[in-house]
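> Right, I'll just put the structure down here and ask away after.
Protein chains: 2
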Amino acid sequence: MLELFPLFTGLVSIFSAFALIVYILKKPAGNEKMVEISKAIQKGAITFLNEEYKIIAIFVIIVMLFLFVASYFTNLPWQTAIAFLTGAFFSGLAGNIGMRVATKANARTAEASKKSVRNGLLVAFSSGAVMGLAVVGLGIIGVSVFYLTFGEDSSILSSILFGFGFGASSIALFARVGGGIYTKSADIGADLVGKVEEGIPEDDPRNPAVIADNVGDNVGDVAGMGADLFESYVDSIISAISLAFLVTYAYAKVYPLIIAGLGILASISAMIFVRGKNVYSALRNGLFGSAIIFAVIAFVITHILLSDYNPFFAVLVGLIDGIVIGLSTEYFTSEQRKPAQKIAKAAQTGAATDILQGMSIGMISTAIPIVSTCIAMVVAYEFAGFYGIALAAVGMLSTLGITLATDCYGPVADNAAGIAEMAGLGEEIRKRTESLDAVGNTTAAMGKGFAIGSAAITALALLFTFVKKAEEVVGVINVKLTSPYLMTGIFVGAMLPFLFSSLTIGAVGRAAGKMVNEVRRQFREFGILEGKGKPDYERCVKIATRGALREMILPSSLAVIVPIIIGVWRVEALIGLLAGATASGFLLAIFLANAGGAWDNAKKYIEAGNLGGKGSFAHKAAVVGDTVGDPCKDTAGPSLNILIKLMSIVSLVFLPLFG
Amino acid sequence: MLELFPLFTGLVSIFSAFALIVYILKKPAGNEKMVEISKAIQKGAITFLNEEYKIIAIFVIIVMLFLFVASYFTNLPWQTAIAFLTGAFFSGLAGNIGMRVATKANARTAEASKKSVRNGLLVAFSSGAVMGLAVVGLGIIGVSVFYLTFGEDSSILSSILFGFGFGASSIALFARVGGGIYTKSADIGADLVGKVEEGIPEDDPRNPAVIADNVGDNVGDVAGMGADLFESYVDSIISAISLAFLVTYAYAKVYPLIIAGLGILASISAMIFVRGKNVYSALRNGLFGSAIIFAVIAFVITHILLSDYNPFFAVLVGLIDGIVIGLSTEYFTSEQRKPAQKIAKAAQTGAATDILQGMSIGMISTAIPIVSTCIAMVVAYEFAGFYGIALAAVGMLSTLGITLATDCYGPVADNAAGIAEMAGLGEEIRKRTESLDAVGNTTAAMGKGFAIGSAAITALALLFTFVKKAEEVVGVINVKLTSPYLMTGIFVGAMLPFLFSSLTIGAVGRAAGKMVNEVRRQFREFGILEGKGKPDYERCVKIATRGALREMILPSSLAVIVPIIIGVWRVEALIGLLAGATASGFLLAIFLANAGGAWDNAKKYIEAGNLGGKGSFAHKAAVVGDTVGDPCKDTAGPSLNILIKLMSIVSLVFLPLFG
């Protein structure tokens, strides 16, 4: 009975998501022009997804075959291949639902904003909530089904669950890396030729790359973010289940699933708090409300089930760590705080000082998340051992339903502002949608911090799971730090995030270059600005899609192949590799995300009329900083989340091949 | 007899240095104007050193007292305090000699260039050679004397030697961090107001910060580099001596000293190769010549002494690793190679793309040094265990005498070019000194890479020494990676280089701000540009000095205090801290140094007339990149070398306090 509870909460989650979809689709989509733009964005997004699916299909088939073959020669259960396929399918499904709804909700948000900001908020937030609920619902259903089917057979359960996680990771890899390259190459292409060279405003419908740019927000921030957190969510639960054998509590194995289920219920009930005139405080109330509700019911249920509070405290420190990281991100990136304003001031002496100040702030902003996560790790360990560390990850991600809702609300609001501009809805409506968008930027920044933090703690949980499982398979390993093999692993592992970031930043540059050429060509040949011809949006979408998917292959292959090679060489080197990559990836991701966010908001601070305002010397300098920060925060940084988790899960899946 | 050989080579080294000093001082210093400028630079440099010594004196006294007290309560030998003082004194002495000679050689190089480029090269290189020979000479004499005095008493020898290393590290900390902040704040202050705001040329004598800028080259690149490598040099020998108990070769304990002594002889003999018309190939011949000579005689001596080649191969892989890192640095930063030219091309679309391309190149440039060092570590270990890893570090640093000579030649040539400009020696002489300077930039970049690589391998050697010594003192530690304490250490350790870099980059910004205000004030109040008044160079020197020394305190304290706190908490966390800091510090240092060097040379590539040349849109963008890169490559990057070594040596010295 108790074992069915998580499955039940998953179904509640999916049911709620459908109710919200019906609610959104009932809303009017606005005038003909708005519908037309919205459809173009939707078409572009679906084009990207379909192209991406083709590549993913090849990848999935190869991996499945490999897993089947490996199950024949090693003690890897053949069901792992099935679980892998299911994980990939569920993650893809969640992303697909979320993105389809987001691209339908954008025009409806703009239309609802005609009534009031509050109405616009409700539509945009509901769309984000669909994504959030789809992710946690499908995540918990997937893990529960495998748990219920194979839960009795401990010897194969873990392997099968790792397969499920690996499937989720694969989709996340494609969605984050490909989506990240797509969104920034389209953005830079649109801005560089449109805004900078031709001097037309942002979101001007004459810009051939404008649809690709709006598609990018959905591809990167909705589908990419969703897949990233789907991965963290299921991986954290899986590692807690796999480490349950280390403790002796009753229900230890199903406890992580129950905690996750309670988190879903808390998220859904807290969604009613998302109201009020002030958009930012409405969203914040929802977030904090869900955390408090969750903490209370988790405490009560732990008391009833286990009559031991230790596991609950492990969950709690994870939850608190997530909040601390979110708040720290907000502090270091918000335009209302000192760090971003310091960057704006540095912009007064030019682009170089703007960039140096941003680098300095990005670097120092790593301290709080690192220290907070270390404290959470040690405290969770003191309460419940390695199992406790995995529980901390589950705790941090427990209220993901609503966290992701506030994240995915951002791109919808951003698109709504774009549609309001392109469809010429007038000053008032544009202002309203832009105020929604502004809050979306803040929550998106916090969401990025949260995504990084959850990736790091999930990767840690997976790392310790790997160590424990490796001991089972190849005997207690001599993983002393005195070993130069382990140290080699740490060095090479720490280097991989640098290599990976270099490749993704370089990829954006190359893909953006192609986009720039195309936009220039269309302006020149079609005479769009002279009013003679119309822009060809689709071609730009195709170029961005192809560029992103091609550029994705090299870094993605690295993430899968390197741990296997190192693992075959020496398992202790692989442990070092995972430790080094997790530490350095966590740091670099925070550095890139926060520096990028702070540069962005320093520019916005100036644009709000400070230090000379738009068009001033400081503004021009801040625009340079913002452009540098864009691929850092939207491509390289988020891709690192995937890298560190993927390498751990790959190591776990292929463990039977090592040693 | 054999034990006296290293001491003998040290004396030869010092004697050769004195001979070179006599040779340099005999050269004419040029006309009155040149002597005047040279004296001003020298005075500024001495002012900085004297101010620095006051702070160092306080620091040294506090640490000595602390060591004396600790020796009373723990089994730390009291002689450690004496060794600490000696290490600090020897490092300071080497830097003092090198810098005094460099500031005397600058005008003489300019004067000698009147005859020919070759004559100029000989003076400048001789000055660099004085620094190189002083460093290796005093280094080997210091270690030898303590080795000869306490060599019989193994129980205290290591502790005493660590004290000597700690003294050297302390000076390096002040010289690198303080010097790094000084040189860039003076440089940015001079450029921002002089070149950018007022449009007067580089090195214009009307610029009040021009002397401070020239002083900075000596303070940062001569004294700072010298102290950094003095530290690496003695630390590598010390760790090899301390690990000799792990192996059973005859002469294992004195072998590292003998290898270092052979390296000194090889360096001195190779100095005769530094000739020929082409400046760059002359220096390169010297470098490769010394490596080949050293390898041959080390092979022969190993054969005679040990009749076992394994230790020799460990030495050899270190030597090769150093060459690989140097060549990799040259490839990624030289203006004649693809990476820097790619940045220059990216500058055609603006500062943002210039910076992104540089970041991408800086990040990917970490791969070769990391992989090469890991291979060296593993191979050295296979040949001679942990002792072999320390020997690899000794091998890499064996020919330091000549490597440092080519490094420290750069700032002298740079100063000579400045003096030629300020004293108005005419087009021809300026061109000659600038051609010397240009080669100096390339060798300086290679030298930076070498300094980072040697810091990393020395830190590794110290780390393994710490693990082995910690096992002796507190029993075999449970340093399994399954421990969240160790993982906490890795996370926090990996974070420290980010924090440290943030502080040093921020410090340059603040110190440069003060300099900018002063230069602006002098232009405004004195009417210098209108020819009414004269600039007050000394005030600028004082401001840069004070700013640098004040800003140095916070990051320096961190480096000393954090390992002690973590060590007192848990020794296994400290091991993680050192491992994490070494990996992340190595990576970040290479990233910052190579990105900075490549941005610099991309600008120079454009200035040489490519892609529109000076004053073009691309050039302006490249100048922004260069300004961003300056504190990265000259302050933050080099300071990390010190951080990783210092934390290891602090851990070794204070080991009796832990556990």
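Quick note, the sequences are listed as chains A and B, same order.
Okay, so the first sequence: first residue is 1058 according to the numbering used here, each after it adds one.
Okay, so the second sequence: first residue is 1058 according to the numbering used here, each after it adds one.
Each residue gets a CB set at the ideal place from its N, CA and C atoms; glycine is no exception.
Remember, predicted model here, so these are calculated numbers, not experimental data.
Relative to the alpha-carbon of S1184 (chain A), which residue among A:T1460, A:V1680, A:F1370, A:S1613 has its alpha-carbon at the smallest distance?
Within the first sequence, residue 1184 (chain A) is the residue found at index 127, counting from 1. It is A:T1460 whose Cα lies nearest to the Cα of S1184 (chain A).
> Output needed for G1653 (chain B): all residues of its chain with C-beta closer than 6 Å, excluding positions within five of it in sequence on either side, in chain order.
As a working mapping, residue 1653 (chain B) is identified with position 596 in the second sequence. Result list for G1653 (chain B): G1686, C1689, K1690, in chain order.
> Under the three-state reduction of DSSP, which class applies to K1671 (chain B): helix, strand or coil?
For the purposes of this step, residue 1671 (chain B) is taken as residue 614 along the second sequence, with counting starting at 1. DSSP places K1671 (chain B) in coil when its eight states are reduced to three.
> Using the beta-carbon of each residue, which ones in chain A are nearer than 7 Å to F1555 (chain B)?
If you number the second sequence from 1, residue 1555 (chain B) lands on position 498. Near F1555 (chain B) (Cβ distances below 7 Å), the residues of chain A are M1420, T1423, L1644, F1648.
> By DSSP, does R1394 (chain B) sit in helix, in strand, or in coil?
The residue labelled residue 1394 (chain B) in the question sits at position 337 within the second sequence. Note: R1394 (chain B) maps to coil in three-state DSSP.
> Give me, in chain order, the residues of the same chain whose beta-carbon lies closer than 6 Å to that of I1071 (chain A); leave out the 5 immediate sequence neighbours on both sides.
Position 14 of the first sequence holds residue 1071 (chain A). The answer, listed in chain order, is G1194.
> Could you spell out the range, first to last residue, of the alpha helix (DSSP H) harbouring K1161 (chain B)?
Translated into positions along the second sequence, residue 1161 (chain B) becomes position 104. 1136 to 1169 is the span of the alpha helix (DSSP H), which, as asked, contains K1161 (chain B).
> Do the region 1476 to 1492 of chain B and the region 1169 to 1177 of chain B meet, that is, are 3 or more Cβ pairs less than 8 Å apart?
As far as the Cβ criterion goes, the region 1476 to 1492 of chain B touches the region 1169 to 1177 of chain B, which means the pair count is three or higher.
> If I measure Cβ to Cβ from R1394 (chain B) and keep anything under 7 Å in the same chain, skipping five residues before and after, which residues do I get?
Numbered from 1 along the second sequence, position 337 holds the residue referred to as residue 1394 (chain B). Contacts found: Y1388.
> Measure the Cβ-Cβ separation of L1703 (chain B) and L1230 (chain B) and say whether it is below 7 Å.
For the purposes of this step, residue 1703 (chain B) is taken as the residue at position 646 of the second sequence. For the purposes of this step, residue 1230 (chain B) is taken as the residue at position 173 of the second sequence. Yes, they are a contact pair.
> I'd like to know whether the C-beta atoms of T1166 (chain B) and A1473 (chain B) end up nearer to each other than 7 Å.
Stepping through the second sequence from its first residue, residue 1166 (chain B) is reached at position 109. Stepping through the second sequence from its first residue, residue 1473 (chain B) is reached at position 416. Yes; because the gap between Cβ atoms is below 7 Å, this pair is in contact.
> Hey, could you find the ends of the alpha helix (DSSP H) E1608 (chain A) is sitting in?
Sequence index remark: in the first sequence, residue 1608 (chain A) carries index 551 (1-based). Counting along the chain, the alpha helix (DSSP H) containing E1608 (chain A) begins and ends at 1594 to 1626.
> Using CA atoms only, rank isn't needed, just tell me which of B:D1292, B:A1145, B:M1121 is closest to P1134 (chain B).
The residue given as residue 1134 (chain B) occupies position 77 in the second sequence. Closest option to P1134 (chain B), Cα to Cα, is B:M1121.
> If we require 4 or more residues per run, which alpha helix (DSSP H) segments fall completely within the region 1315 to 1400 of chain A?
You should have 1336 to 1363, 1367 to 1390.
> Along the region 1616 to 1642 of chain B, where does the CB come closer than 7 Å to a CB of chain A? Name the residues.
Cβ contacts with chain A come from I1632, A1636, G1637, A1640, S1641.
> Report yes or no: do three or more beta-carbon pairs, one from the region 1649 to 1667 of chain A and one from the region 1704 to 1716 of chain A, lie closer than 8 Å?
They do not touch, by the three-pair rule.
> By the 7 Å beta-carbon criterion, what residues does the region 1374 to 1390 of chain B contribute toward chain A?
Per Cβ criterion, the list is empty.
> How would you list, in chain order, the residues of chain A whose beta-carbon sits under 7 Å from the beta-carbon of C1431 (chain B)?
Start at 1 with the first residue of the second sequence, and residue 1431 (chain B) comes out as number 374. T1545, F1548, V1549, listed in chain order.
> Report the option in B:K1591, B:A1675, B:G1666 whose CA atom is closest to the CA atom of D1261 (chain B).
Walking along the second sequence from the start, residue 1261 (chain B) turns up at place 204. Nearest C-alpha to D1261 (chain B): B:K1591.
> In three-state terms, what does DSSP make of A1074 (chain B)?
By 1-based counting over the second sequence, the position of residue 1074 (chain B) is 17. Helix.
> Please list, in chain order, all residues of the same chain as I1632 (chain A) whose beta carbon is under 8 Å from its beta carbon, the five residues on each side excluded.
As a first step, residue 1632 (chain A) must be located in the first sequence, where it is residue number 575. Here the set comprises L1520, F1523, V1524, A1527, I1534, V1536, L1543, G1546.
> What are the residues in the region 1442 to 1464 of chain B lying within 8 Å of chain A by C-beta distance?
Cβ contacts with chain A: F1443, I1446.
> In whole angstroms, what separates the C-alpha of F1203 (chain A) from that of L1064 (chain A)?
Here residue 1203 (chain A) refers to the residue found at position 146 when the first sequence is read from its first residue. Here residue 1064 (chain A) refers to the residue found at position 7 when the first sequence is read from its first residue. Each residue's Cα considered, the two are about 11 Å apart.
> Under a CB-based cut-off of 7 Å, is S1242 (chain B) close to chain A?
Locating residue 1242 (chain B) in the second sequence gives position 185, where the first residue counts as 1. Cβ-Cβ to chain A under 7 Å: no for S1242 (chain B).
> CA-CA distance, S1720 (chain B) and V1158 (chain B)?
This structure cannot settle anything about residue 1720 (chain B), because the visible part of chain B is limited to 1058 through 1716.
> Within the chosen definition, does the region 1552 to 1564 of chain A reach the region 1435 to 1455 of chain B through at least 3 CB pairs nearer than 8 Å?
Touching, no.
> Three-state secondary structure (DSSP) at L1064 (chain B)?
Taking the second sequence and counting its residues from 1, the one referred to as residue 1064 (chain B) is at position 7. In the structure shown, L1064 (chain B) sits in a helix (DSSP, three-state: H, G or I).
> Return the CA-CA distance between L1606 (chain A) and L1553 (chain A), expressed in angstroms with no decimal places.
Position 549 of the first sequence holds residue 1606 (chain A). Position 496 of the first sequence holds residue 1553 (chain A). Rounded to the nearest angstrom, the two C-alpha atoms are 21 Å apart.
> Which of helix, strand or coil does DSSP assign to L1538 (chain B)?
The residue labelled residue 1538 (chain B) in the question sits at position 481 within the second sequence. Its pLDDT being 49, under 50, L1538 (chain B) is placed unreliably by the model, and nothing is read from it.
> Nearest CA to the CA of C1431 (chain A): which residue from A:L1413, A:A1450, A:M1420?
Numbered from its first residue, the first sequence carries residue 1431 (chain A) at position 374. For C1431 (chain A), the nearest C-alpha among the options comes from A:A1450.
> Is there a Cβ of chain B sitting closer than 7 Å to that of G1563 (chain A), yes or no?
To locate residue 1563 (chain A), count along the first sequence from 1; it is residue 506. So, interface residue.
> Take A1397 (chain B) as the anchor and find which of B:S1614, B:I1154, B:A1679 has the nearest alpha-carbon.
Here residue 1397 (chain B) corresponds to residue number 340 of the second sequence, with the count starting at 1. Nearest option by C-alpha distance: B:A1679.
> Against T1684 (chain B), what residues of chain A qualify as contacts under a CB-to-CB distance less than 7 Å, listed in chain order?
For the purposes of this step, residue 1684 (chain B) is taken as the residue at position 627 of the second sequence. Here the neighbours are A1409.
> Which residue marks the beginning of the alpha helix (DSSP H) containing D1260 (chain B), and which one marks its end?
To locate residue 1260 (chain B), count along the second sequence from 1; it is residue 203. No alpha helix (DSSP H) contains D1260 (chain B), which DSSP labels as neither H nor E.
> So is L1709 (chain A) buried or exposed if we call it buried at 16+ other beta carbons inside 10 Å?
On the first sequence, position 652 is the one that residue 1709 (chain A) refers to. With 16 or more other Cβ atoms within 10 Å, it is buried.
> Under a Cβ-count criterion, where at least 16 other Cβ atoms within 10 Å of its own Cβ denotes burial, should I1618 (chain B) be classed as buried or exposed?
Walking along the second sequence from the start, residue 1618 (chain B) turns up at place 561. Its Cβ having fewer than 16 others within 10 Å, I1618 (chain B) is exposed.
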